[in-house]
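Quick notes on the structure that follows.
Numbering (our numbering), first residue to last: 32 to 169.
Written as structure tokens, this is what we have:
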């Protein structure tokens, strides 16, 4: 298994994987155009895990100049519990840290117990002092 930067050419395979692992979290922000813009803005920060010649894990990582963010960290079910998620998360955090960013946030659905346990075990702390509010710009 190798971890390498995600490229625009990976989009179709990554999106198909997200359809399996993260379908409820997908939105218009995950269109090819939006993901390509994200990859351009955060060059070489997002990663894919490749095993047996196919993408089996992904993490979108970037920052806004102050805080780092991890999105769509996912591993195909048959490849879980092999350290791939940890490797992806470590790589993302190191890329963010290398940009001089000292804090990284993730968003995790309340009903995603597996994800919550992963991030807690990894060392992330759940915050109860903030809420996320969204505004639809369309």
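Ideal placement from N, C-alpha and C gives every residue a C-beta, glycine not left out. Keep in mind it's a predicted model, so treat the numbers as computed, not measured.
Between residue 119 and residue 66, the CB-CB gap reaches or exceeds 8 Å. Where residue 104 is concerned, the enclosing beta strand (DSSP E) starts and stops at 99 to 106.
According to the DSSP secondary-structure assignment, residue 80 is paired through a beta bridge with 34, 88. Selection 144, 158, 135 evaluated against residue 76 yields 135 as nearest (Cα-Cα). For the pair of segments examined, the region 120 to 133 was found to touch the region 86 to 100: the number of CB pairs separated by less than 8 Å reaches three. Distance from the CA of residue 109 to the CA of residue 153, rounded to the nearest whole angstrom, comes to 21 Å.
Assignment of residue 124 by DSSP, reduced to helix, strand and coil, places it in the helix class. Under the three-state reduction of DSSP, residue 93 is assigned to strand.
Taking a C-beta distance under 8 Å as the contact criterion, residue 79 and residue 106 do not qualify as a contact pair.
By the neighbour-count criterion, in which 16 or more other beta carbons inside 10 Å mark a residue as buried, residue 95 falls on the exposed side. Taking 8 Å as the upper bound for CB-CB distance, residue 132 and residue 158 are not in contact here, some 17 Å apart.
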